[in-house]
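Quick notes on the structure that follows.
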Amino acid sequence: MIVRHLMSCYTASAEIPTHQALHTCDNVPAFGVELSTQIWVADGGTDDNCNGQISWSERNKDYCTTTIVITDNTGICGDTSGSILAGEILTDDIQSVELVAVSLNAPGHVFPTIVTSTNGQYNFSNLVIPSEFTVNADRNDAHRNGVSTLDLVKIQKHLLGIELMNSPYDLIAADANNSANVSAIDLVELRKLILGIYTELPANKSWRFVDKSFQFADATSPWPFSESINMAGLQGNEMDKDFVAIKVGDVNNTVKANATQILPRNGNGVVNLVADNRTVSAGEIVEVAIRSTDFASIEGYQFTMNANGLEFRGVESGLVAMSDENMGVFGSTLTASWHKVGGVSATASDVLFTLSFQATAAGQLSEMMSITSDVTEAEAYNTSSDIKDLKLSFRGSEIGAEFALYQNEPNPFKGTTLIGYDLPAAGNVILTVFDVTGKVVVVKEQESVKGYNTISVSSKDIPSVGVLYYRLDANEYTATKKMIIIE
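Heads up: take any position in the sequence shown, counting from 1, add 1, and you land on my numbering.
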């Protein structure tokens with residue numbers, strides 16, 4: 002390794018000028034150390050002795066004293082007498098965290114910041130640190146990552162004393178407003194984050210990092226806590242200076258901490274929200290009552306709704322207590338987050354809540370409204386903390402109704418899956434599930450309305466796993482599709 006510093010005039014003394022200083026692997030006193038040096042600057046000078054040359058002594062000159070720091074980031078100099086300081090950054094459930102900026106600070110030394118990759122590890126090498134030093138970790142992006150309404154359920158259960166959070170890391174994660182305690186204010190702040198009203202928490206970072214060796218005086222009240230690793234000198238290699246990474250707002254370990262992490266999805270079926278389809282005219286006030294065919298012990302839900310051609314006017318509670326605090330409004334895009342500890346169950350005729358709009362264009366509600374995950378992930382949670390997909394369907398369409406059988410959701414699945422279908426007329430349908438040999442494993446029959454309907458299938462009724470087929474028969478109509486059940 003060769004390092005050159007070029008300048009107008011450079012010298013280590015006032016008598017011997019040079020335009021560069023050369024450092025190699027052999028003559029660097031220590032990597033990362035601030036090295037004092039003088040930089041001299043001179044004018045054009047005058048040829049006082051008339052010899053046709055202007056010497057250094059014939060110039061007006063001055064200098065300043067500064068420091069330079071030389072680092073061997075790529076390790077090109079090979080083994081040195083310096084030490085290694087290394088560690089890893091993991092969540093409490095042992096997921097490595099990427100994109101963490103790790104900095105090393107010591108008096109009289111300057112070190113490059115290391116950003117962790119998908120393995121969550123950092124490594125400072127060739128270190129000579131005779132004095133105290135500090136290691137810090139920082140990441141502050143993607144505040145919504147891992148935060149959902151299910152976290153609100155868990156935090157509220159803690160506040161109510163129903164299910165206490167015993168982990169100090171969970172309590173730190175629940176403290177969204179960084180007030181050194183967990184309160185209802187944290188629920189308000191996190192809901193605004195889930196709804197997209199906040200893009201980041203106003204009083205907190207997205208990640209907090211605790212020295213893994215730190216001993217909490219009281220694990221049920223973990224504040225204050227150490228967010229740096231402090232050491233008095235470095236005599237040899239230190240390979241286990243680890244941090245525990247805490248994603249603020251995530252108390253159920255659903256954060257995606259690195260690009261290679263595969264988040265589990267328990268595939269426990271679908272909660273289907275249902276609205277009546279009809280034609281609306283521009284300028285009309287439209288009340289859309291939301292019901293559900295499978296709203297059983299639901300403790301929370303969240304979604305994004307696209308309402309093209311509809312201007313949101315408000316929400317009215319039904320069986321579910323919904324207010325403006327549960328909604329985010331961004332033009333034609335709405336977000337919603339609701340929870341109730343203990344859950345709510347509804348029949349297919351119960352109105353959960355009613356959305357009020359003014360139509361800005363004419364059209365069919367089924368073509369104007371849809372649930373997506375564009376801003377807030379569409380999902381629902383029951384009292385067993387199962388995460389279910391959330392869908393919106395319409396019934397009673399009198400326009401263009403045709404027979405159609407849709408792919409089951411989720412697929413592959415375990416637990417329960419939901420099969421949707423359209424009928425051109427009300428009537429009885431028969432669903433038959435059979436394996437690859439043609440053996441019938443499930444037969445279900447139900448009355449259906451004109452338009453969209455759903456029918457659920459439980460893995461408890463199916464004695465095998467793998468590829469299955471399902472066929473829907475409705476009068477003269479029939480259709481078959483494939484699905485996969487997993488353990």
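C-beta: ideal position from N, C-alpha, C; glycine also.
None of these values were measured; they are calculated from a predicted model.
Secondary structure remark: continuous beta strand (DSSP E) runs of at least 3 residues inside the region 163–233, in chain order: 208–212, 229–233.
Residue pairing by DSSP puts Glu239 in a beta bridge opposite Leu86. Of Gly310, Ala426, Gly121, the smallest CA-CA separation from Lys257 is found for Gly121.
In the displayed model, Thr150 falls within a helix according to three-state DSSP.
By alpha-carbon distance to Ser104, the top candidate from Asn124, Glu378, Gly332, Ser385 is Asn124. The secondary-structure analysis by DSSP pairs His340 across a beta bridge with Gly301.
If you check the CB distance, Leu335 and Met369 do not come in under 8 Å.
DSSP, read as helix, strand or coil, puts Asp351 in coil. Residue burial annotation: Met240 is exposed, with fewer than 16 other C-beta atoms found within 10 angstroms of its C-beta. Inter-segment contact for the region 413–429 and the region 453–472 is present: three or more beta-carbon pairs are separated by less than 8 Å.
In this structure, Ser207 places its C-beta atom within 8 Å of the C-beta atom of His144. For Ile90, the number of other beta carbons within 10 angstroms of its own is at least 16, and it is reported as buried.
Out of Asp93, Ser350, Gln157, Arg292, the CA that lies nearest to the CA of Leu356 is found in Arg292.
Taking each of Ile115, Val434, Gly329, Ile486 in turn and checking the Cα distance to Gly197, the smallest one comes out for Gly329. Take Arg209, set aside five residues on each side of it, and the residues of its chain with a beta-carbon closer than 7 Å to its own are Ile173, Glu228, Ile247, Val249, in chain order. Cβ neighbours of Asn61 within its own chain (closer than 6 Å, five residues either side excluded): Asp44. Taking C-alpha positions only, Ile487 is separated from Pro265 by approximately 13 Å. A straight line joining the alpha-carbon of Glu133 with that of Asp251 spans about 34 Å. Here Val154 is not near Tyr302, since their CB atoms are 8 Å or more apart.
Of Asp375, Lys392, Met232, the smallest CA-CA separation from Phe331 is found for Asp375. Its chain contains Ala360, Ala363 as the residues whose beta carbon lies nearer than 7 Å to that of Ser282, once the 5 sequence neighbours on both sides are disregarded; these appear in chain order. In the three-state reduction of the DSSP assignment, Leu160 falls in the helix class, which pools H, G and I. When the alpha-carbon of Ala480 is set against those of Pro425, Phe404, Ile40, the nearest one is in Phe404. For Gly344, the CB contacts under 7 Å within the same chain, skipping 5 residues up- and downstream, are Ser298, Ile299, Glu300, Asn383, Thr384 in chain order.
In the DSSP assignment, Cys65 is bridged to Ile40. For the pair Ser449 and Leu424, the CB atoms are nearer than the 8 Å cut-off. Per DSSP, Ser126 is one residue of the beta strand (DSSP E) stretching across 122–128. Beta-bridge annotation (DSSP): Ala405 is paired with Asp423. Around the beta carbon of Leu128, 16 or more other beta carbons sit within 10 angstroms, so the residue counts as buried. Its chain contains Ala220, Thr221 as the residues whose beta carbon lies nearer than 8 Å to that of Asn167, once the 5 sequence neighbours on both sides are disregarded; these appear in chain order.
Residue pairing by DSSP places Glu410 opposite Leu419 in a beta bridge.
Taken atom to atom, the span from the alpha-carbon of Val116 to that of Tyr64 is near 37 Å.
Taken in chain order, the complete beta strand (DSSP E) segments of 3 or more residues contained in the region 425–476 are 428–436, 441–449, 452–459, 467–475. Taking each of Ala379, Asn141, Leu235, Ala185 in turn and checking the Cα distance to Ser84, the smallest one comes out for Leu235.
DSSP, reduced to helix, strand and coil, places Asn307 within a strand of the structure shown. Residue environment analysis places Pro225 among the exposed positions, since fewer than 16 neighbouring C-beta atoms fall within 10 angstroms of its C-beta.
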